[in-house]
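Novice: This is the structure I have questions about; it appears just below.
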Amino acid sequence: MPKKNDSTKTPWVDPDDAPELTQEWFAKADLYEGDRLIRKGGRPKAEAPKKPVSIRLDPDLLEYFRASGPGWQTRVNDLLRQAAGLPKAG
1 MPKKNDSTKT PWVDPDDAPE LTQEWFAKAD LYEGDRLIRK GGRPKAEAPK
51 KPVSIRLDPD LLEYFRASGP GWQTRVNDLL RQAAGLPKAG
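Number 90 marks the last residue of the sequence shown (full-length UniProt numbering); no jumps.
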C-alpha cells in the first residue's frame with residue numbers, strides 16, 4: 001500500500017489567530033441570500049441628481065456634440081449652465 005501524502009493536509013489554524021472582525025470588514029463583505037449574491041447599488045447617490053429631459057435639437061448640432069465622444073451630454077449641460085449664467089455644478 002502506498003504511503004499517504006502528508007502535503008495535502010490542511011495545517012491546523014488556531015481560531016485565536018484569526019483577524020478581528022471590524023465594522024469596516026462587514027461593510028466591505030459580499031451579502032448572499034442563499035446562493036445568490038445580493039449586489040450593492042453602485043455609485044453613491046448624488047446630492048442633486050440630474051433629471052432626464054427630452055428636447056429637440058437641430059441634427060447638425062446634435063451630431064457635433066455626439067462626435068466629440070463620451071461625455072457629450074455633460075458638455076452640453078456645462079454650456080447651458082454657462083449660457084444661463086449659473087455656476088458650474090459639482
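Glycine residues also receive a C-beta, built at the ideal position from the N, C-alpha and C atoms.
All values derive from a computational prediction rather than experimental measurement.
(1) Counting only runs that start and end within the segment 52–79, where is the alpha helix (DSSP H) found for 4 or more residues in a row?
(2) Which two residues bound the contiguous beta strand (DSSP E) that contains residue 124?
(3) Pull the bridge partners of L37 from the DSSP assignment, please.
Specialist: In short:
(1) Runs found: 59–67.
(2) Residue numbering for the chain in the displayed model covers 1 to 90; residue 124 lies beyond these limits and cannot be assessed.
(3) Y32
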